[in-house]
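Numbering (full-length UniProt numbering), first residue to last: 1 to 329.
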């Protein structure tokens, strides 16, 4: 075995966290001195490698993007599986607790983080991957102010038609209403709902919908966004968790709940927090929202997209009308 691919080639420095199937340590590569995050997955001799670990590894190998945490290496021993990730300084929750005013961040930081979050989500969705567990604890921040998506243990690749998934996804507070209602045919819009919840939380330092049970979570959402009906959401009464006895709430004005968000930002937030999944904005469309116009990174992306479109148009003209048939790839 190559020495680089042995656990002993990394020095454990401190424990960063512990989950249901893994422990994460801050580590150092003994050869290069590079700081890394070591995710140690405990293997059960009878059950073998957890499906969450297999899923995470297979997806992380494919997803290479500046807003997705980089998987350097996978080291497999008899009783341990170790994922070697790039080191990030803290997650968004800890960042908010340490840097924010009562957990709230300043508007320019929120805008930068939201743009990076949506870029990471858009890349996942373009590659037919749903993250399914977006929350501040799964968004990592480094000292350069970069935000990266992490913890793809619940992520799923999706196809057309959308597969039937379990509804055991996303910590309750960031879970989309369609998932809470028991929908098993959800798609990219569940990640967008989570992103909207995270955006609001960055402004206030508090979760937007801090429910305690599935039903309490739905009621907290309806109290703010209004109780849906068959008229406003056709088919809602067919969901397994739908109850005709839900209290009827009128839609609240988000400006009263989040006075610190400017009108253009509220427009974006509202487009992400639509109760009906098909009404939620896509990540790619959200990136072109006017709220990001004064962000240097957004302007650069738009210019690159325009330049690429122009180059593609010129290339098509040069081919004298030759077109690749749809579906050739």
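Note that CB positions come from ideal geometry on N, CA and C, so glycine has one too.
Cut-off 6 Å between Cβ atoms - residues of its own chain near residue 126, not counting five sequence neighbours on either side | In the same chain as residue 126, and ignoring 5 residues on each side of it, no C-beta atom comes closer than 6 Å to its own.
Output the distance between the C-alpha atoms of residue 325 and residue 269, rounded to the nearest integer angstrom.
-> Bear in mind that a pLDDT of 30 at residue 325, under 50, signals an unreliable position, so the number given afterwards is only what the model happens to contain. Their backbone Cα atoms lie some 38 Å apart in a straight line.
Output the distance between the C-alpha atoms of residue 163 and residue 204, rounded to the nearest integer angstrom.
-> Residue confidence is low: residue 163 scores 40 on pLDDT, short of 50, so the model does not pin down where it sits. Its coordinate-derived value is still stated next. Using only the alpha carbons, I get a separation of about 36 Å.
What does a CB cutoff of less than 7 Å around residue 161 pick up in its chain, not counting 5 residues either side in sequence?
-> Here the model assigns residue 161 a pLDDT of 37, short of 50, so the residue's position is not dependable, and the following value carries that caveat. The answer is none, since no qualifying residue turns up.
Determine the burial state of residue 128: buried for a count of at least 16 other Cβ atoms within 10 Å of its Cβ, exposed for fewer.
-> exposed
Any idea which residues DSSP pairs residue 297 with across the strands?
-> Its beta-bridge partners do not exist; DSSP assigns none.
Which residue comes first and which comes last in the alpha helix (DSSP H) that contains residue 214?
-> 214-225
Cβ neighbour criterion (16 or more within 10 Å) applied to residue 114 = buried
Whose CA, out of 215, 31 and 41, lies closest to the CA of residue 244?
-> 215
Taking contact to mean at least 3 C-beta pairs separated by less than 8 Å, is the stretch 216-224 in contact with the stretch 246-264?
-> yes
Rounded C-alpha distance that separates residue 14 from residue 25 | 6 Å
In angstroms, rounded to a whole number, what distance separates the CA positions of residue 293 and residue 241?
-> 40 Å
Is it buried or exposed for residue 51, if we count other Cβ within 10 angstroms and need 16 for buried?
-> Flag for residue 51 reads exposed.
Out of 56, 87 and 44, state which residue places its alpha-carbon closest to the alpha-carbon of residue 37.
-> 87
What is the DSSP secondary structure of residue 191, reduced to helix, strand or coil?
-> helix
Whole-Å CB distance - residue 277 paired with residue 200, under 8 Å assumed = Not confirmed; about 18 Å, so no contact.
Check whether the Cβ atoms of residue 195 and residue 82 sit closer than 9 Å, and answer yes or no.
-> no
Who are the near neighbours of residue 180 in its chain, counting only those whose CB is closer than 7 Å to its CB and skipping five residues on each side?
-> 214, 217, 218 and 241
CB residue 84 to CB residue 192, shorter than 9 Å?
-> No, the pair does not count as a contact, with Cβ atoms beyond the cut-off.
Straight-line CA distance for residue 274 to residue 171?
-> 19 Å
Nearest-angstrom Cα distance between residue 265 and residue 63?
-> Roughly 29 Å separates the two Cα atoms.
Proximity to residue 143 [Cα-Cα], best of 99, 136 and 202 | 99
By Cβ distance, which residues of its chain are closer than 6 Å to residue 283, with the 5 residues on each side in sequence left out?
-> 118, 121, 122 and 125
What residue from 197, 104, 290 and 298 has the CA that sits closest to residue 134's CA?
-> 197
Candidates 73, 65 and 67, of which the one nearest residue 57 by Cα = 73
Only counting runs of 3 or more residues, tell me where the beta strand (DSSP E) segments fall wholly within the stretch 33-68, in order along the chain.
-> The qualifying runs are 35-42.
Considering residue 111, what are the terminal residues of the alpha helix (DSSP H) in which it resides?
-> Counting along the chain, the alpha helix (DSSP H) containing residue 111 begins and ends at 107-126.
Beta strand (DSSP E) containing residue 264: first to last residue?
-> Unbroken run through residue 264 is the alpha helix (DSSP H), 263-272; no beta strand (DSSP E).
Residues bridged to residue 27 [DSSP beta-bridge criterion] = 12 and 36
With DSSP as the reference, please indicate the residues paired to residue 141 in a beta bridge.
-> 90 and 147
Name the residue from 11, 59, 252 and 21 whose alpha carbon lies nearest to the alpha carbon of residue 342.
-> Since the displayed the chain opens at 1 and closes at 329, residue 342 lies outside it and no answer follows.
Boundaries (first-last residue) of the alpha helix (DSSP H) holding residue 73 = Careful: residue 73 lies outside any alpha helix (DSSP H), inside the beta strand (DSSP E) at 71-76.
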